Structure formats: C-alpha cells, structure tokens
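Visitor: Its first residue numbered 163, the sequence shown is counted upward by one per residue in this note's numbering.
Note that CB positions come from ideal geometry on N, CA and C, so glycine has one too.
Quick caveat: nothing in here was measured; it's all calculated off a predicted structure.
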Amino acid sequence: RRCGYLFQEHALFPNLRAWENVAYPLRGVPRAERRRRAHELLDRFGLAARADARPRTLSGGERQRVALARALARDPAALLLDEPLSALDVRTRAGATRTLATMLREAGVPAVLVTHDFAEAATLGDRVGVMDGGRIVQEGTAGELAAAPASAFVADLTGAVVLTGRARPEGGVTVVELDGGGTVTSTDAAEGDVAVSVFPWEVALEPPGPHEGSARNRLPARVLTLTTVGNRIRVGLEGPQPLAAEVTRAAVDGLGLAPGAPVTAAFKATATRLVPR
Numbered sequence: 163r164r165c166g167y168l169f170q171e172h173a174l175f176p177n178l179r180a181w182e183n184v185a186y187p188l189r190g191v192p193r194a195e196r197r198r199r200a201h202e203l204l205d206r207f208g209l210a211a212r213a214d215a216r217p218r219t220l221s222g223g224e225r226q227r228v229a230l231a232r233a234l235a236r237d238p239a240a241l242l243l244d245e246p247l248s249a250l251d252v253r254t255r256a257g258a259t260r261t262l263a264t265m266l267r268e269a270g271v272p273a274v275l276v277t278h279d280f281a282e283a284a285t286l287g288d289r290v291g292v293m294d295g296g297r298i299v300q301e302g303t304a305g306e307l308a309a310a311p312a313s314a315f316v317a318d319l320t321g322a323v324v325l326t327g328r329a330r331p332e333g334g335v336t337v338v339e340l341d342g343g344g345t346v347t348s349t350d351a352a353e354g355d356v357a358v359s360v361f362p363w364e365v366a367l368e369p370p371g372p373h374e375g376s377a378r379n380r381l382p383a384r385v386l387t388l389t390t391v392g393n394r395i396r397v398g399l400e401g402p403q404p405l406a407a408e409v410t411r412a413a414v415d416g417l418g419l420a421p422g423a424p425v426t427a428a429f430k431a432t433a434t435r436l437v438p439r
C-alpha cells in the first residue's frame, strides 16, 4: 500500500544513521540510489549536515523530520500521522508543530493526522473531523467547529468552557437556568436541556458586586488557580459550575487576583453558543 506512516514515537532504528533510516523503506533499490534519495529528502528538511548522525544524537525536532523523510521515501499516495508531536515536551512542541505544517505543505501529499489536541489540528489540518464514540460527529474547518460546535463534546475539544442547564425563550433571547444555580442569557435559540459554551478569552473578571457594563451575564465565582498561558493568565474559577477566564497580567494585578479571591465572571450573550448536551 502506498501509504506513509509517521509513528507516535518516530520509531527510528537506533543502530542506523539518519540517512540509513530514511533509506530503509527502499529495500530492493540499488544502494547508490537509496543513498541519493535519502540525502535528497534530508536536504529538503534541512538535515543535510546530520545525515550520518545516530538517532540518539538528534533533537526531538530532528528525529521528527527524519521520521517524516522516511515516510516520504517511497513517494506515498497518502500519509498517516499518529499523534506525531505527543512525544515532544511543551517547549519543543510549538516550534515542531509549525515545522511539521511547513513540511506537510511542501511534501504535497494528502495527510491524515490523529491527535487529541485541537490547537494542533487547527495548525496542521485544512479540515478537522471530530470523532466521539467511534463515529465522526462534526467535520469542517477549525474555525467552523469553534464558531458552531455540534455538541458539548466538540465545544470542550475546541477549548471552550461548557456549562449545563435548561433553556427557555424569553423576550427575544434564550435564558438558561444553570445546574447548581445562576442564569445565563444567550442570543442562540434553544429550549430544554442544553450546554452553554463560552471561550475563556470572552470572559472578563470584575470585582464582586453591582457593575455597569455591556455584558448581560454575570456569575459570582472564586479564584481557584492562576496559570500563565503565553502572555496571558488563565484563571480557574469555582462558581455554580467550573469556569475559566483568560486575562492580562495587568488585570490580575489590578484586581488583586489570588486563589480564594471573590470575583464576578462577566461575558456577553453573543459570546455564548448553545449546543445539545
């Protein structure tokens, strides 16, 4: 079968040099041609100088590129990538994701990527299919899935916070009575049991008590955790249901946020999506 396979752990042969790993699928081809083809692929991926290196001396990103070059050695009609970045540490993974995206575009071979990381899928995939319970429940671009998730499972996968409750129409909007207390207003239409999804960066934090503003939804909460995510702070919140917000460092300092601090989580009705539970 003309299908190249990139293993989760890369699975390079430790006793073979980089070029020999790449040439391995070309058994039956004259050695000189195997070597030429392997060096050509390594050069394409910026590894010409590492052709004679053993896998143990390569970085995680270099091993990944050698493994992809090997998968391409037999001119496959398609590529299957099984969580190719999961073995990398967090610091290496971001750069490796961008590198892999570039390599896949340059390879020009249709690729199927298996991953549990939506950000990874959004970076590497032209289209994303979400599988739940052994079947595809939604398919589209990453933007389409994030903007209109088909279920609570898809919403959670895209990084949204998911709240549950019971919806009813009221005055041209939908009011959701949350399980555990509190209400949320949404511009989406729904009735009955629903899940409410909202992205953490749509959630603002305010001091507890009355507040003027355009956000129709305000839920009392207490700070649980503070985690740095890039140049922002992800604030885990305890409220009627678990919630999260992503705010600036200035907001953390200005509000004096710390574990245990009371706050109000505020977000607009237009920022919510109502989906089936």
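#1: Tell me the rounded alpha-carbon separation between C165 and L234.
#2: With burial defined as no fewer than 16 other Cβ atoms inside 10 Å of the residue's Cβ, what is the status of G375: buried or exposed?
#3: With a 10 Å radius around its C-beta and 16 neighbouring C-beta atoms as the bar for buried, classify E282 as buried or exposed.
#4: What whole-angstrom Cβ distance do L436 and T326 have, given they're in contact under 8 Å?
#5: With distance defined between alpha-carbon atoms, name the residue in R396, V292, L168 nearest to T410.
#6: Would DSSP call L325 helix, strand or coil?
#7: Closest to A231 by CA distance: which of D214, E245, M265 is it?
#8: Cutting at 7 Å between CB atoms, please list the residues of its own chain near R197, excluding the five before and the five after it.
#9: Is there contact between the stretch 363-374 and the stretch 418-426, where contact requires at least three CB pairs shorter than 8 Å?
#10: So, R328 versus G344, is the Cβ gap smaller than 9 Å?
#11: Can you give the Cα-Cα distance for T254 and P246, rounded to whole angstroms?
#12: Quick one: residues in its chain with C-beta nearer than 7 Å to the C-beta of A215, no 5 flanking neighbours on either side, listed in chain order?
#13: By alpha-carbon positions, which one of T387, R378, G208 ends up nearest to E268?
#14: Can you tell me whether A420 is buried or exposed? The criterion is at least 16 other CB atoms within 10 Å of its CB, across all chains shown.
#15: Suppose the cutoff is 8 Å on Cβ atoms and the five residues either side in sequence are ignored; what does the same chain contact list for S221 look like?
#16: Given A258, which residues of its chain have a CB within under 8 Å of its CB, disregarding the five upstream and five downstream residues?
#17: Verify whether the separation of the beta carbon atoms of S359 and A317 is less than 9 Å.
#18: Per DSSP, Y167 forms a beta bridge with which residues?
#19: What three-state label does DSSP hand N379 in the structure shown?
#20: Does the distance from the C-beta atom of E301 to that of G291 stay below 9 Å?
#21: Can you name, in chain order, every residue of its own chain whose Cβ lies under 7 Å from the Cβ of A377, other than the five neighbours on each side?
#22: Would you mind sorting G401 into buried or exposed? The rule is 16 or more other CB atoms within 10 Å of its CB.
Guide: Considering the structure as presented:
#1: Translated into positions along the sequence shown, residue 165 becomes position 3. Translated into positions along the sequence shown, residue 234 becomes position 72. The straight-line gap from Cα to Cα measures roughly 9 Å.
#2: Residue 375 sits at position 213 when you count from the first residue of the sequence shown. That one is exposed.
#3: Here residue 282 refers to the residue found at position 120 of the sequence shown. For E282, the number of other beta carbons within 10 angstroms of its own is at least 16, and it is reported as buried.
#4: Reading the sequence shown from its first residue, position 274 is the one you call residue 436. Reading the sequence shown from its first residue, position 164 is the one you call residue 326. Wrong, their Cβ atoms sit about 11 Å apart, outside the cutoff.
#5: To locate residue 410, count along the sequence shown from 1; it is residue 248. Of R396, V292, L168, the smallest CA-CA separation from T410 is found for R396.
#6: Here residue 325 refers to the residue found at position 163 when the sequence shown is read from its first residue. The DSSP-derived three-state label of L325 is strand.
#7: Translated into the one-based positions of the sequence shown, residue 231 becomes position 69. When each option's Cα is compared against that of A231, the closest is M265.
#8: As a first step, residue 197 is located in the sequence shown; it is residue number 35 there, counting from the start. Cβ within range, chain order: W181, A185.
#9: Verdict: yes, contact present.
#10: Translated into positions along the sequence shown, residue 328 becomes position 166. Translated into positions along the sequence shown, residue 344 becomes position 182. Cβ atoms of R328 and G344: not closer than 9 Å.
#11: In the sequence shown, residue 254 corresponds to position 92, counting from 1. In the sequence shown, residue 246 corresponds to position 84, counting from 1. Rounded to whole angstroms, T254 to P246 spans 13 Å at the Cα level.
#12: By 1-based counting over the sequence shown, the position of residue 215 is 53. Answer for A215: R179, A180, listed in chain order.
#13: Locating residue 268 in the sequence shown gives position 106, counting from the first residue. Residue G208 is the option with its Cα nearest to E268.
#14: In the sequence shown, counting from the first residue as 1, residue 420 sits at position 258. With fewer than 16 other Cβ atoms from the protein chains shown falling within 10 Å of its own Cβ, A420 counts as exposed.
#15: Here the question's residue 221 lines up with position 59 in the sequence shown. If we look at S221 and ignore the five residues flanking it on each side, its Cβ neighbours are T254.
#16: Here residue 258 refers to the residue found at position 96 of the sequence shown. Here the set comprises G222, G223, Q226, L247, L250.
#17: Residue 359 sits at position 197 when you count from the first residue of the sequence shown. Residue 317 sits at position 155 when you count from the first residue of the sequence shown. Contact: yes.
#18: Start at 1 with the first residue of the sequence shown, and residue 167 comes out as number 5. Partner(s): L242.
#19: The sequence position of residue 379 within the sequence shown is 217, counting from 1. DSSP places N379 within a strand segment (E or B) once states are collapsed to three.
#20: By 1-based counting over the sequence shown, the position of residue 301 is 139. By 1-based counting over the sequence shown, the position of residue 291 is 129. Yes; because the gap between Cβ atoms is below 9 Å, this pair is in contact.
#21: In the sequence shown, counting from the first residue as 1, residue 377 sits at position 215. Once the five neighbours on either side are set aside, the close Cβ partners of A377 are A366, A428, F429, K430.
#22: Looking up residue 401 in the sequence shown gives position 239. G401 is classed as buried because its beta carbon has at least 16 other beta carbons within 10 Å across all chains shown.
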